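*Asks:* This is the structure I have questions about; it appears just below.
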Amino acid sequence: MGFNKLYFKFSLSQARILLILLLVSCSAFSYETSIDNVKFEQGIILLSFSDGKIQQLESEVEPDFLDYKYTLLDVNFDGIEDLIVTEQNGRNSLSMVYTYNQHLAQVNEHIYFEITGLRVNSNKRYICGVNQLSRENTQLVYKYSESKSDVFNFNYVSNKGYSLIHNDKKEIDEKTFSQMLDQCVMNKSV
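Residues -30 to -1, 1 to 160 in mature numbering (1 follows the signal peptide of the UniProt record, and there is no 0) are what the sequence shown spells out, letter by letter.
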């Protein structure tokens, strides 16, 4: 059975249906937010979209004191680019993640996630980051979805730490914390 025999078994209406299904499935898996520009004003993030629409987000940005950059990247792994606003503040740069709502065709007004040192692992579908809570306390957060996060805290003075996974709190040692920290740091930085 050659290619020609297989090809002629489809009617024109079946071919059209197949094409429509193919187009719909492709659009369901890849979507861009079409944000053209982002401006930072005191307490406000202004978004300009390619269709001319403008959206204003209330935020704690202070462009008079800090520089900011924005990145479009799918951080909640729904196939749609989200907005990441990052302070340009050296190693402790805070990233604020705003997810894009495809149904409303706008960025959600509430922050989805906020952390320093944001890293993304698209293959394993998580984001992570490190918060330096104080000189001796470090917090590591892995976020997998809106409702699922793993938290690891370690105090270098007392040499004690804990993990909070699925609401189950357990003590951890420095080696375990360091392994989780190394795993996060090896991911793509935003």
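Beta carbons: idealized from backbone N, C-alpha and C, even for Gly. Please read these numbers as outputs of a predicted model, since none were measured by experiment.
Report all residues from its chain with a CB closer than 6 Å to the CB of SER18; omit the five preceding and five following residues, and keep chain order.
*Replies:* Here the question's residue 18 lines up with position 48 in the sequence shown. Correct list, in chain order: ASP6, ASN7, ILE24.
*Asks:* Determine the burial state of ASN137: buried for a count of at least 16 other Cβ atoms within 10 Å of its Cβ, exposed for fewer.
*Replies:* The residue given as residue 137 occupies position 167 in the sequence shown. By the neighbour-count rule (16 or more Cβ atoms within 10 Å), ASN137 is not buried but exposed.
*Asks:* Tell me the DSSP bridge mates of GLY99?
*Replies:* For the purposes of this step, residue 99 is identified with residue 129 of the sequence shown, where counting begins at 1. In DSSP, GLY99 forms a bridge with VAL111.
*Asks:* Could you check whether the segment 121 to 130 touches the segment 77 to 84, counting it as contact only if at least three pairs of C-beta atoms, one from each stretch, sit closer than 8 Å?
*Replies:* Because the criterion of three Cβ pairs below 8 Å is not met, the segment 121 to 130 and the segment 77 to 84 do not touch.
*Asks:* Would you list the one or two residues that DSSP bridges to LYS9?
*Replies:* The residue you call residue 9 lines up with position 39 of the sequence shown. Paired residues: LEU16.
*Asks:* If we ignore side chains and look at the alpha-carbon of each, how far apart do TYR40 and ASN107 end up?
*Replies:* Counted from its first residue, the sequence shown places residue 40 at position 70. Counted from its first residue, the sequence shown places residue 107 at position 137. Roughly 28 Å between the two C-alpha positions.
*Asks:* Just to confirm the assignment, what range does the alpha helix (DSSP H) spanning SER148 have?
*Replies:* Along the sequence shown, one-based indexing puts residue 148 at 178. Taken as a continuous stretch (DSSP letters only), the alpha helix (DSSP H) holding SER148 covers 144 to 155.
*Asks:* Which residues does DSSP list as the beta-bridge partners of THR69?
*Replies:* By one-based count along the sequence shown, residue 69 stands at place 99. According to DSSP, which records beta bridges pairwise, THR69 is partnered with nothing at all.
*Asks:* Give the straight-line distance between the Cα atoms of LEU53 and SER20, rounded to the nearest whole angstrom.
*Replies:* Reading the sequence shown from its first residue, position 83 is the one you call residue 53. Reading the sequence shown from its first residue, position 50 is the one you call residue 20. Approximately 15 Å, taken between the alpha carbons.
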